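Going down the list, the sequences are from chains A and B. Take 1 as the starting number for the first sequence in the working numbering and just add one per residue. Take 490 as the starting number for the second sequence in the working numbering and just add one per residue. Think of the CB as a built atom: it goes at the ideal place given N, C-alpha and C, for glycine as much as any other residue. Owing to the predicted nature of the structure, the values given are computational and were not obtained by experimental measurement. Written below as structure tokens is the structure these notes are about.
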Amino acid sequence: MASEEQVKNSAFDTEAANCLVKELRATVITGKTKSYEWRVSQLKSLLKMIEERDKQICDALFSDLSKPEMEAFIHEIALVKNSCKVSLKKLKEWMKPEKVKTTLGTFPSSAEIVPEPLGVVLVISAWNYPFLLSVDPVIGAIAAGNAVVLKPSEIAPAMSSLLKKLLEEYLDDSAVKVVEGGVSETSALLEQKWDKIFYTGNGRVGRVVMAAAAKNLTPVVLELGGKSPVVVDSNVDLTVTARRIIGGKWACNNGQACVAPDYIITTKQFAPLLIDSIKHELLKFYGEDPLNSPDISRVVNSDHFARLSKLLDDDKVSGKIVHGGQTDKSSLKIAPTIVLDVPEDSLIMNEEIFGPLLLVVTVEKIEDGIDFINSRSKPLAAYIFTNKKELKEEFVSKISSGAIVVNDISLHLMVDTLPFGGVGESGTGAYHGKFSFDAFTHKKAVLHRSFLGDAPARYPPYTAGKLRLLKALLDGSILGIIRALFGWS
Amino acid sequence: MGSIVDNFEDELQELREAFDSGKTRELSWRRSQLQAILSLIKERESDIFKALNQDLGKHHVEAYRDEIGTVAKSAKYALGNLKKWTASKRAKLPLAAFPSTAKLVNEPLGVVLIISSWNFPFGLSFEPIIGAIAAGNTIILKPSELAPACSSVLTKIIHDYLDNSAIKVIEGGPSVGEKLLRHKFDKIFFTGGGRVGQIVMTAAAKNLTPVTLELGGKCPAVVDLISSSWDRKIAMKRIIWGKFGACAGQACIGIDYILTQKKFAPILVEMLKKYIMKSFGDNPMKSNSVAKIINKKHFSRLKGLLDEPLVKSSIVFGGSSNEENLFIEPTILLDPPLDSAIMTEEIFGPLLPIITLERIEDSVEFIRARPKPLAVYGFTNNEKLQKRMIRETSSGSITFNDAIIQYAVDTLPFGGVGGSGFGRYHGKYSFENFSHQKAVMMRGYLIDFGFRYPPWNNKKLQLLKSGLRYDYIKLVFIKLGLKSKA
């Protein structure tokens, strides 16, 4: 006999999604989620949840991704904790209306911009940082005073069910809900009318999400990906550069990160030196047998394993492997692999790798790297290692990407004062810190006018004199206004 | 002359090349274009007035006040602030990120598409164009075919004054719009109705193109019992302007309907009648102060709203119309049924329903129960009511004791929420709308914390825990081996 729980879970269809949204709307109407106290209580609860359950969180990450405890801590737990703390500290400030100046044209008046919640929002997260990419946007939604439904990725099932359990236990379940499932559950959710949809994932599904949002004129934030390039100049500290590249690539979920280096661009002359240095540091980091190192995540599942293996097996690519290339299907592990100068038309040069394969593309002059990058879709992040000021400046001004980091990788993720988001194919919208609050907020313009000052020039019947006065008013010049008033111009 | 089967490939190509050349990023280019807008406003004022009068019957003072003067103001504002907006901003970094620096750099998006509407064809074309230019983009403008004289004057003056390789106008109706939407733009800015807004966003989704939708809704005006006769006079003038004076009610932020207290309603109706006659005379049609309805289709639509029997019987003033001149006189209705079309659809015309409530505070509930409009208005000096309206209703904007004028305030964001749209512009928000704010972070090589990297061990974990807590003293101690636990 199926338990009530099972029966409830087995049919999350459009009707169920509809009921869910109705329930949340009813909560929002009461005004509960708008109060400062409610938001603070939820954020504090989240903090408590992380502190009390950090081991369970690490275990789930290990189960889904074989993620080493250190990575789980630095990249997911610590970042989420920081996000909570920053929101708690700054919430009062963020919630305050912003007074703005008004001009002579509307004198006397006062104006301000008042932040208000959007209402009921949907957060769809990804599998690679399943804790961070679920809870961080939820923090933003709560801080902004919304009710929220989280749909975690089914590709990280341990975290998905842990999130359902923990969020329901620690947070107000009349306003925060978790819906688990795959394509059909997500579709049922996407059919509903939301006040905002926040999606993290790939461009293909991003298009589906935006098209569904269009039916209800729902605004979206799309955190997508792309091929993040790393330009490496020759006058750099080789060891530190190699370490930072490895730290941003294989030490970040084994390259399965939206801002992980996808390919390196360097000069033909410098490439061998760079590759050697990376090999050298890789040995230090992961030892002789990286395939079995406990300090590196695995490939998430057999589908992605097959996808990555296929990229390597390609005739044009397999001969270009200069390091690694070993795979172990049973443990879903692929060793850190470097591939040098594959043909332009190979699959690996055109799809986001999202795995432990690092391409090296060589050019004649390092400046050619800029054109190479610009001929492709705008990535989520672009990196450059150089000490040359002009090259730095050229890179920053000519490359369009979500973000640019000079002489390091991915660091901008950890900074809550920088907006994190894409442009073009890598997405739209941004979050982190105050940007998270803003992403889930409507900034309402409020204008207070007095009955005292009134410009009769505005109203019919219309005359030439009124036209003169209007011109002066809109111009904002006191002299012009006086002249017009006295009929002098 | 374009070919009959024009897919605008050539135009798009030219704009992309112009953008890639980098010329639109130069501040000098942006300034020259903004200056050119100021020139064309000054020099072609009469052509613009003529077109607006032809398409919409607008009086030239109305045209100046609502569309031309505001565009001049916005262009000047952009010129004056261009340097500030385009400068990169330093971002504060937490101690743990030392020694790095970070800044936010604004960059143009690329080739943008601006689709404007027929009711303020100049204003709603140039305001977004100003933002797109200030941000350094190349532009296609598709004006509304429903205002054909304005559409062709726009084409001509933009051709004569602005850089043709970077800013183009493509005229036409739905089929032209559809062809344009098949191309990949870096941003689409749409002003119009929700139905077409949906079509635009759906097309944009295919290319992951971000959009701004400036839509509409039913903008309510809560009119409280105003005791002071001076205040009442001003309020009446502003209400009448906010309803009938701006494009005869065909304005997205025009007052759609009034909410007032039952006992104030008769006084309100009388005052409105008085001031309508003062503003427009005995024969509003001949006054040239009320715009005409844009076309027969909308004329019939509006007449149809009045034809419902219970609606017709609620008319207390006006109601007459002249199909040949596409003129509908300022009309007031008292308590038409709440489920009638006039109370459920956006009116977009000179018909003003007044809905009466027991208490004025009930207006908050009334507004809350309906889709979020682009603007909410409150004519009241009651601070408590004002506060409740701000806190308990949601709309693009909320204005007290006036209407429509929020459009002219450069420091306030202009845009909708919910059914009234998303995205915002005016002033610096126009600039931001067409920009990508890129985070740029720079690190040095000098200090590198070895505990950032694998292989992992407990000691490194402790160091990281301290580091992330900004506990540098502890960090130093652990490093020196003086402390064993974090």
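Going by DSSP, name the residue or residues bridged to A:L224. Within the first sequence, the letter at position 224 stands for residue 224 of chain A. A:L224 pairs with nothing; no bridge assigned.
By DSSP, does B:G910 sit in helix, in strand, or in coil? In the second sequence, counting from the first residue as 1, residue 910 of chain B sits at position 421. Reduced to three states, the DSSP call for B:G910 is strand.
With 9 angstroms set as the bound, which would you pick, yes or no: does the beta-carbon of B:L582 sit closer than that to a beta-carbon of chain A? Taking the first residue of the second sequence as 1, we reach residue 582 of chain B at position 93. Cβ-Cβ to chain A under 9 angstroms: yes for B:L582.
Any C-beta of chain A sitting closer than 9 angstroms to the C-beta of B:M930? Taking the first residue of the second sequence as position 1, residue 930 of chain B is located at position 441. It does; some Cβ of chain A falls within 9 angstroms.
Output yes if chain E places a C-beta closer than 9 angstroms to the C-beta of B:S521; else output no. No chain E is present in this structure, whose protein chains are A and B.
Do you know offhand how far A:V28's Cα is from A:K96's? The residue you call residue 28 of chain A lines up with position 28 of the first sequence. The residue you call residue 96 of chain A lines up with position 96 of the first sequence. One C-alpha to the other measures close to 20 angstroms.
Could you name the residues of the same chain whose beta carbon sits closer than 6 angstroms to that of B:Q543, not counting the 5 residues immediately before and after it, in chain order? Along the second sequence, one-based indexing puts residue 543 of chain B at 54. So the list reads A638, once near-sequence residues are dropped.
Can the beta-carbon of B:L635 be found closer than 9 angstroms to that of B:N784? On the second sequence, residue 635 of chain B is found 146 positions in, with the first residue counted as 1. On the second sequence, residue 784 of chain B is found 295 positions in, with the first residue counted as 1. Yes; because the gap between Cβ atoms is below 9 angstroms, this pair is in contact.
Is it the case that the region 736-743 of chain B contacts the region 842-856 of chain B, given that we only count it when at least three CB pairs across the two stretches are under 8 angstroms? no
If you check the beta carbons only, do B:G912 and B:T701 fall under 9 angstroms apart? The residue you call residue 912 of chain B lines up with position 423 of the second sequence. The residue you call residue 701 of chain B lines up with position 212 of the second sequence. Yes, the Cβ-Cβ distance between B:G912 and B:T701 is below 9 angstroms.
Straight-line gap, B:D891 to B:F615 (C-alpha atoms, nearest Å): In the second sequence, residue 891 of chain B corresponds to position 402, counting from 1. In the second sequence, residue 615 of chain B corresponds to position 126, counting from 1. Roughly 25 angstroms between the two C-alpha positions.
Exposed or buried, B:M490, counting other C-beta atoms within 10 Å across all chains shown (16 or more means buried)? By 1-based counting over the second sequence, the position of residue 490 of chain B is 1. With a pLDDT of only 47 at B:M490, under the threshold of 50, the placement of this residue in the model should not be trusted; the figure read from the coordinates follows. Exposed, since its Cβ has fewer than 16 Cβ neighbours within 10 Å.
Is there contact between the region 69-81 of chain A and the region 95-109 of chain A, where contact requires at least three CB pairs shorter than 8 angstroms? no
Could you name the residues of the same chain whose beta carbon sits closer than 7 angstroms to that of A:R53, not counting the 5 residues immediately before and after it, in chain order? Counted from its first residue, the first sequence places residue 53 of chain A at position 53. Excluding sequence neighbours, A:R53 sits near L166.
How about B:Q502: is its C-beta nearer than 9 angstroms to some C-beta of chain A? In the second sequence, counting from the first residue as 1, residue 502 of chain B sits at position 13. With 9 angstroms as the cut-off, B:Q502 does not count as an interface residue toward chain A.
Determine the burial state of B:W945: buried for a count of at least 16 other Cβ atoms within 10 Å of its Cβ, exposed for fewer. In the second sequence, the residue the question calls residue 945 of chain B occupies position 456. Answer is buried; the Cβ neighbour count reaches 16.
I'd like the span of the alpha helix (DSSP H) that includes B:E556, first residue to last. The residue you call residue 556 of chain B lines up with position 67 of the second sequence. First-last for B:E556: undefined, no H or E at that position.
Drop a sphere of 10 angstroms on the beta-carbon of A:P336, count the other beta-carbons inside from all chains shown, and report buried for 16 or more, exposed for fewer. On the first sequence, residue 336 of chain A is found 336 positions in, with the first residue counted as 1. Counting Cβ neighbours within 10 Å, A:P336 comes out buried, since at least 16 surround it.
Quick check on A:F73 - is its C-beta less than 9 angstroms from some C-beta in chain B? Here the question's residue 73 of chain A lines up with position 73 in the first sequence. Taking Cβ atoms only, chain B reaches closer than 9 angstroms to A:F73, which makes this a yes.
Listed in chain order, which residues of the region 639-668 of chain B have Cβ atoms closer than 9 angstroms to some Cβ of chain A? none
Give the interface partners of A:Y263 over in chain B, defined as CB-CB distance under 7 angstroms, in chain order. What you label residue 263 of chain A is simply residue 263 of the first sequence in a count that begins at 1. What A:Y263 touches in chain B: nothing, since even the nearest Cβ is about 20 angstroms away.
Does the distance from the C-beta atom of A:A439 to that of A:G424 stay below 9 angstroms? As a first step, residue 439 of chain A is located in the first sequence; it is residue number 439 there, counting from the start. As a first step, residue 424 of chain A is located in the first sequence; it is residue number 424 there, counting from the start. Result no, Cβ atoms of A:A439 and A:G424 do not sit closer than 9 angstroms.
Tell me which residues of the region 510-544 of chain B have at least one Cβ-Cβ distance to chain A shorter than 7 angstroms, keeping chain order. none
DSSP three-state label for A:L166, please. Position 166 of the first sequence holds residue 166 of chain A. DSSP places A:L166 in helix when its eight states are reduced to three.
Taking the beta carbon of A:S184 as the centre, do at least 16 other beta carbons fall within 10 Å, making it buried, or is it exposed? The residue given as residue 184 of chain A occupies position 184 in the first sequence. Classification for A:S184: exposed.
Out of curiosity, what's the CA-to-CA distance linking B:R554 and A:K89? Here residue 554 of chain B corresponds to residue number 65 of the second sequence, with the count starting at 1. Here residue 89 of chain A corresponds to residue number 89 of the first sequence, with the count starting at 1. Near 45 angstroms, if we compare the C-alpha coordinates of A:K89 and B:R554.
Verify the CB distance criterion: does B:Q875 have a CB-CB separation below 9 angstroms to chain A? By 1-based counting over the second sequence, the position of residue 875 of chain B is 386. Yes, contact with chain A.
Is there a Cβ from chain A that is less than 9 angstroms from the Cβ of B:M690? Residue mapping note: residue 690 of chain B aligns to position 201 of the second sequence, counting from 1. Chain A, which has a Cβ nearer than 9 angstroms to the Cβ of B:M690, makes this yes.
Could you say if the region 202-214 of chain A and the region 690-699 of chain B meet the contact criterion of at least three C-beta pairs nearer than 8 angstroms? yes
May I ask you to list, following chain order, the residues of the region 915-928 of chain B that have a beta carbon less than 8 angstroms from some beta carbon of chain A? H925, Q926, K927 and A928
Could you give the residue range of the beta strand (DSSP E) that holds B:Y750? Locating residue 750 of chain B in the second sequence gives position 261, where the first residue counts as 1. Note on identity: in this sequence residue 750 of chain B is Gln, with Tyr being the wrong assignment. Segment Y746 to Q750, the beta strand (DSSP E) holding B:Q750.
If we count Cβ pairs, one from each stretch, closer than 8 angstroms, do we get three or more for the region 284-301 of chain A versus the region 262-271 of chain A? no
Tell me the start and end of each unbroken alpha helix (DSSP H) in the region 178-224 of chain A that is at least 4 residues and wholly inside, in chain order. 183-190 and 203-215
To the nearest angstrom, how far is it from the Cα of B:Y764 to the Cα of B:R727? Mapped onto the second sequence, residue 764 of chain B falls at position 275. Mapped onto the second sequence, residue 727 of chain B falls at position 238. Their Cα atoms are separated by approximately 10 angstroms.
What residues of chain A sit near B:K726, judged by a beta carbon separation below 9 angstroms? If you number the second sequence from 1, residue 726 of chain B lands on position 237. The contacting residues are D454, P456, R458 and Y459.
Strictly under 9 angstroms for the Cβ-Cβ distance: is A:H448 near chain B by that measure? Position 448 of the first sequence, counted from the first residue, corresponds to residue 448 of chain A. So yes, A:H448 belongs to the interface.
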